[in-house]
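Residue numbers (the numbering used here): 6 to 126.
Each residue gets a CB set at the ideal place from its N, CA and C atoms; glycine is no exception.
Scroll down for the structure; my scribbles are underneath it.
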């Protein structure tokens, strides 16, 4: 990771933290951050996949859906996880934790556990 990469990440993180969430602006900043991290890894396929995933978050269906699980607290938690990812010695573990926590935030708000119990799981 080059110093310019860290500066760019910090700039995006500052803008993310200064903007109320969820909005199209914060989703675009989140997309910028995640594709930037993938770009630093030099993985063009990952950059494209992440970009497309975030592009789907911009559609009207997901905008409405996100209102059920994205809020000020989830945004604050994700921002803290993003800060940890920018530290090279912790990046891998921080990224794994961020993905785990993102999945938990998403599933918790859709009652995944209660649905599994009803199905006998």
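Chain-order list of residues whose beta-carbon lies under 7 Å from that of residue 39 (same chain, five-residue window excluded):
The residue labelled residue 39 in the question sits at position 34 within the chain shown. Excluding sequence neighbours, residue 39 sits near 55, 59.
Out of 42, 13, 73, state which residue places its alpha-carbon closest to the alpha-carbon of residue 100.
Stepping through the chain shown from its first residue, residue 100 is reached at position 95. Here the closest residue by C-alpha is 42.
On the criterion of 16 or more Cβ atoms from any shown chain inside 10 Å, does residue 31 qualify as buried, or is it exposed?
Translated into the one-based positions of the chain shown, residue 31 becomes position 26. Classification of residue 31: buried, given that the 10 Å Cβ count is 16 or more.
Considering only the beta carbon of each residue, do residue 27 and residue 71 sit closer than 8 Å?
Position 22 of the chain shown holds residue 27. Position 66 of the chain shown holds residue 71. A contact, by the Cβ cut-off of 8 Å.
Can you tell me whether residue 73 is helix, strand or coil according to DSSP?
Reading the chain shown from its first residue, position 68 is the one you call residue 73. Coil, per DSSP.
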